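**Student:** Take a look at the following structure, please.
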Amino acid sequence: MLPSEDAPDAENLWVVCLCAEWCGVCRDYRALFDGLAAAHPQARFVWVDVEDEAELAGEVDVDTFPTLLLAADGAARFLGPLLPQAGVLKRLLDNIHEQAPLPAAHEAQALFARITAKHG
Numbered sequence: 079m080l081p082s083e084d085a086p087d088a089e090n091l092w093v094v095c096l097c098a099e100w101c102g103v104c105r106d107y108r109a110l111f112d113g114l115a116a117a118h119p120q121a122r123f124v125w126v127d128v129e130d131e132a133e134l135a136g137e138v139d140v141d142t143f144p145t146l147l148l149a150a151d152g153a154a155r156f157l158g159p160l161l162p163q164a165g166v167l168k169r170l171l172d173n174i175h176e177q178a179p180l181p182a183a184h185e186a187q188a189l190f191a192r193i194t195a196k197h198g
């Protein structure tokens with residue numbers, strides 16, 4: 079499936095799942111996450127195990143799994159726990175450009191910078 083002309087390209091839309099291998103909800107969520115990645119080829123989907131890649135998580139304290147970071151146009155726009163429901167994430171993705179970027183000092187911006195440095 080080719081992205082539509084008005085769809086953001088992979089450089090502009092990021093979906094990052096912060097999870098842990100020991101978390102059963104995360105393991106169950108992986109298939110849904112991978113399915114959404116296949117359905118949204120215009121976006122870059124990244125799975126981060128916060129224990130295996132603790133340097134990426136940095137100061138971000140992930141208490142609830144799964145936690146998602148959504149970024150568009152070079153700025154983090156959402157960071158928080160998200161129920162493992164495809165429809166909820168799809169709605170967020172469909173409306174991501176309507177969400178204001180989080181403040182530059184927000185921990186999500188630093189997290190996004192670390193992730194793009196490693197996975198960009």
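Throughout, my numbering is defined as the position within the sequence shown, counted from one, plus 78. Note that CB positions come from ideal geometry on N, CA and C, so glycine has one too. As the structure is a prediction and not an experimental result, all values here were calculated from the model.
#1: Within 10 angstroms of its Cβ, does L161 collect 16 or more other Cβ (buried), or is it exposed?
#2: Please determine if the stretch 149 to 156 and the stretch 95 to 102 are in contact, where contact requires at least 3 C-beta pairs separated by less than 8 Å.
#3: Could you check if T142 is buried or exposed, using at least 16 other CB atoms within 10 Å of its CB as the buried criterion?
#4: Could you give the residue range of the beta strand (DSSP E) that holds F200?
#5: Which same chain residues, not among the five before or five after N173, have their C-beta less than 6 Å away from its C-beta?
#6: Run the CB neighbour count on R155, radius 10 Å, all protein chains shown included, and call it buried at 16 or more, exposed below.
#7: Look up W92 in the DSSP assignment and give the residues it is bridged to.
#8: Taking C-beta to C-beta, are A164 and L96 nearer than 8 Å?
#9: Assuming contact is defined by CB atoms lying nearer than 8 Å, are G136 and T145 in contact in what I supplied?
#10: Taking Cβ to Cβ, would you say A121 is nearer than 8 Å to L171?
#11: Which residues mark the beginning and the end of the alpha helix (DSSP H) in which V104 is found?
#12: Counting only the same chain and skipping the five closest in sequence on each side, list residues whose C-beta sits under 8 Å from that of V124.
**Tutor:** The short version:
#1: exposed
#2: no
#3: exposed
#4: For the chain, the structure presents residues 79 to 198; residue 200 sits outside this window and is missing.
#5: none
#6: buried
#7: R122, A149
#8: no
#9: no
#10: yes
#11: Note that residue 104 corresponds to Cys in the displayed sequence, not to Val. It spans 102 to 117 - the alpha helix (DSSP H) in which C104 sits, taken as one unbroken run.
#12: W92, V93, V94, C95, I193, H197
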